[in-house]
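Residue numbers (our numbering): 8 to 120.
Just so it is clear, CB atoms sit at the ideal spot from N, CA and C, and this is done for glycine as well.
Here the structure is a predicted model, which means the values were calculated and not measured.
Only one structure is covered here, and it is reproduced in the block below.
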Amino acid sequence: APHHHPGGHHGGGTPAVMTVNGFRRGESDGHFHSDGELIVALSTEWFARGRRCHRRIRITSARHGRTVEARVVDECDSRRGCRHNIVDSSPAVWRALGLDTDVGEVPVTWSDP
């Protein structure tokens, strides 16, 4: 279940664009992931050569301030067309934030928990 931090710190997050990723093909960290897992891929710079791999980050919807924690499992490779400000998230992350994956891109902020 998503953690709700009552009166949690707002601000201090990094603005990003959240996109939808189906991780089912197992091409991320070599493990197979399901769309029901709260997982993300981060843009190259934020992935920090794997330093953030398997760490958790907190993602907050810029629209309504709902927050979810997800685990970083992959790099969203900017050499392959991923922009530098992307948090590429599984459908479960979108659902936890009450967002519709059909929208495709939403503004969020993220931070280390």
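Own chain, CB closer than 8 Å to residue i, minus 5 neighbours either side, in chain order
i   : result
E76 : P9, H10, L45, R63, I64, R65, I66 and P120
V79 : I46, V47, A48, L49, F54, R59, C60, H61, R62, R63 and I64
Cut-off 6 Å between Cβ atoms - residues of its own chain near residue i, not counting five sequence neighbours on either side
i    : result
P98  : D42 and T108
M25  : V94, S96, V113 and V115
L104 : S68, R73 and V75
P22  : T116
Coil, strand or helix - residue i by DSSP
i   : result
P22 : strand
A48 : strand
R86 : helix
Limits of the beta strand (DSSP E) - the one that residue i falls within
i   : result
E76 : T74 to C83
R63 : R63 to S68
Cβ neighbours of residue i in the same chain (closer than 7 Å, five flanking residues each side left out)
i    : result
G20  : T67, T116, W117 and S118
E52  : H91
G28  : Residue 28 is actually Asn in this sequence, not Gly. The answer, listed in chain order, is A48, D95, S96 and S97.
V100 : L45, V47, I66, V75 and A77
### Query
Along the chain, which unbroken stretches of the alpha helix (DSSP H) at least 4 residues long are found entirely within the region 89-120?
98-103
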